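Beneath this line is the structure, given in structure tokens, with notes to follow.
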Amino acid sequence: MKLLHVFLLFAFIYGSLCDEFTHRYKANEDVIIWVNKVGPYYNPQETYMYHALPYCRTEDAKIQSRMEGLGEALQGYELRQSGYKIQFGAGLVKKSLCTIDRLSEADAEVFELAIKNQYWYELFCDDLPIWGMVGDVSEKDPNMAYIYTCLLYTSPSPRDRQKSR
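Counting from 12, one number per residue, gives the positions in the sequence shown under our numbering.
See below:
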């Protein structure tokens, strides 16, 4: 009976140590991309939820939040699932996540203000941050703002986390 209690204790401890931070991906397993926040580059304390900007949302985007630890709560993370479809180890082809035929005038003004204030965005993939700029102002015409519509991410394919011998 005592041996059973020891076994159950170790099984409980081992099971409680396994979470998304210790997870090892298998081939073609879904990798969740979390959207976090946007804000002006020169004032990193001023941040807003990612979808405060009128980015299009994929059909698969859920309003599901990720559990926050103390550090994430203190840093003001607002992690939400993005709906981006990425499989571990699978090559990606260029594809549209969503389309917007034409921005409304109000949405265009929101993006223009964000670009002129050099807004950045933050995403997370496997607890690693991904930062990018929302857009840029034309060098020839400072009144012309461009939205970056193509997101290009490169990630190395990690081998198993074994120590080399």
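Ideal Cβ positions, reconstructed from N, Cα and C, are used throughout, including at glycine. As the structure is a prediction and not an experimental result, all values here were calculated from the model.
Quick one: give me the first and last residue of the beta strand (DSSP E) that residue i is part of.
i      : result
Phe135 : 130 to 136
Ala84  : No beta strand (DSSP E) contains Ala84, which is instead part of the alpha helix (DSSP H) from 81 to 86.
Asn47  : 44 to 51
Met144 : 139 to 144
Asp156 : The sequence shown places Ala at residue 156, rather than the Asp named in the question. Segment 156 to 158, the beta strand (DSSP E) holding Ala156.
What are the boundary residues of the alpha helix (DSSP H) that residue i is part of?
i      : result
Asp118 : 116 to 127
Could you check if residue i is buried or exposed, using at least 16 other CB atoms within 10 Å of its CB as the buried criterion?
i      : result
Lys151 : exposed
Ser149 : exposed
Leu139 : exposed
Tyr157 : exposed
Arg113 : exposed
Trp45  : buried
Leu162 : exposed
Ala117 : exposed
Leu134 : buried
Arg91  : buried
Ser93  : buried
Asn47  : buried
Have a look at the DSSP bridge pairing and note the partners of residue i.
i      : result
Ile97  : Val42
Tyr59  : Val49
Asp152 : Asp152 is not bridged to any residue.
Asp147 : Tyr157
Could you give the C-beta distance for residue i and residue j, rounded to a whole number, given that I count them as a contact under 8 Å?
i      : j      : result
Gln178 : Pro55  : Outside the modelled stretch of the chain, which goes from 12 to 176, sits residue 178, for which no answer is possible.
Val49  : Tyr132 : 5 Å
Ala125 : Val145 : 5 Å
Please tell me whether residue i has its Cβ less than 8 Å away from any Cβ of chain D.
i      : result
Asp147 : Considering every chain present, this structure includes no chain D. It has just one protein chain.
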